[in-house]
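Residue numbering for the sequence shown is 69 to 321, as defined by this note's numbering.
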Amino acid sequence: MRITHISDIHCNYGTDFNLKIFEKAVKLVNKTDADVIFISGDLTTDGLLSEYKLAKEKLKQLDGRIVIVPGNHDERNLGFKLFPEFFGETDFIHTYEDVIFIGLASSEPDKDDGRLGRSRHEKIKEGIKKNKMTILGFHHHVIPVPNSGRETNIIEDAGETLDIILKNNIPLVLMGHRHVPYGVKIHKTLLVNAGTFSCNRTRAHFGNTFNIIDIDDNEIEVKVFDIVKNNEKKMIKFNLDDGCCINRYYDLK
Ligand SMILES: [Fe+2]
Ligand SMILES: [Fe+2]
């Protein structure tokens, strides 16, 4: 199974949205031939109706099955009421063959901080099935992400969330928000962030990127695709059977 993981598109009519990059990136994503395209939030910058309309229009260019969770920017200015109207449910459990994908809204209206809360923690537990691989996706991060500036906005209940993730050996957690790609293995879990897809607010030389994630029975491999440079680099690989992890994050720059 292949998941193409996109984050932080930031459609808007101000300075955030880079239309040229977006148009190029969409073509690259469509070539990845993914089973699922996961978008981990911040589709807009201010949650405005005009931005939601723009995001909806632009995302029509993506081919294939798309699943989306909201980010903190999508919940600004009553945007949390628009998200379900434009993109459907914010919290869901989907089954794709041997994979359970649990998407959660970690954002709250007009706050940059995130929180999952007890009901979403229960949803995670509800979604876990013994004979299937569980993948979790939400916008905010559960541990600090390097190369993204001063640490802010880890979800408020990160301790409880991480405890549920690690206790249940959830192999893969997909997040965004910090506008840089990152991957790290903790216990038997890969924590993976996608960088920003088309926002001009990039960090140093990281540029605009998306992640390509290949999953087979016993292995998960994450590659980072640099949209401007038009190349992909291996970031992290994790073997679920023997626990072996190869982390090439430090070769990314
Ligand atoms: Fe963002
Ligand atoms: Fe964000």
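C-beta: ideal position from N, C-alpha, C; glycine also.
Heavy atom of ligand 3 within 6 Å of residue i beta-carbon
i: Gly171; result: As presented, the structure is devoid of ligand 3, carrying ligand 1 and ligand 2 as its sole ligands.
Beta-bridge pairing of residue i - partner residues as DSSP gives them
i: Tyr250; result: Asn261
i: Glu153; result: DSSP, once it has assigned bridges, lists no residue as partnering Glu153.
i: Thr270; result: Its beta-bridge partners do not exist; DSSP assigns none.
i: Gly349; result: With the chain represented from 69 up to 321, any question about residue 349 goes unanswered, as that position is not in the structure.
i: Ser216; result: DSSP output for Ser216 lists no bridge partner at all.
i: Asn98; result: Partner(s): none; Asn98 has no beta bridge.
i: Val210; result: Partner(s): none; Val210 has no beta bridge.
i: Asn236; result: BP columns for Asn236 are empty, so no partner.
i: Asn307; result: Glu287
Per-residue DSSP class, three states only, for residue i
i: Thr229; result: helix
i: Arg70; result: strand
i: Lys126; result: helix
i: Leu320; result: coil
i: Tyr164; result: strand
i: Gly205; result: strand
i: Ser187; result: helix
i: Leu355; result: Outside the modelled stretch of the chain, which goes from 69 to 321, sits residue 355, for which no answer is possible.
i: Glu91; result: helix
i: Asn199; result: coil
i: Asp103; result: coil
i: Asp84; result: coil
i: Ser108; result: strand
i: Asn299; result: strand
i: Lys256; result: coil
Cβ pair residue i, residue j closer than 7 Å
i: His29; j: Gly251; result: Residue coverage of the chain in this structure runs from 69 to 321, which leaves residue 29 outside it and unanswerable.
i: Ile314; j: Met69; result: no
i: Asn279; j: Val290; result: yes
i: Gly244; j: Asp76; result: yes
i: Leu111; j: Asp142; result: yes
i: Leu308; j: Asn286; result: yes
i: Val137; j: Gly171; result: yes
i: Leu234; j: His255; result: yes
i: Phe265; j: Ala93; result: yes
i: Phe306; j: Leu258; result: yes
i: Asn268; j: Asn86; result: yes
i: Val292; j: Pro239; result: no
i: Phe169; j: Ile203; result: yes
Residue i CB to nearest heavy atom of ligand 1 below 6 Å
i: Asp180; result: no
i: Asp114; result: no
i: Asp76; result: yes
i: Asp131; result: no
i: Asp110; result: yes
Check: residue i C-beta below 6 Å from any heavy atom of ligand 2
i: Asn279; result: no
i: Asp142; result: no
i: Asp84; result: no
i: Asp309; result: no
i: His245; result: yes
i: Gly185; result: no
Any C-beta of chain D under 7 Å from that of residue i
i: Ile107; result: The chain inventory of the structure shown lacks chain D, comprising one protein chain alone.
Handout entry: Contact between the segment 126-140 and the segment 93-113 (3+ Cβ pairs under 8 Å)
Key = yes
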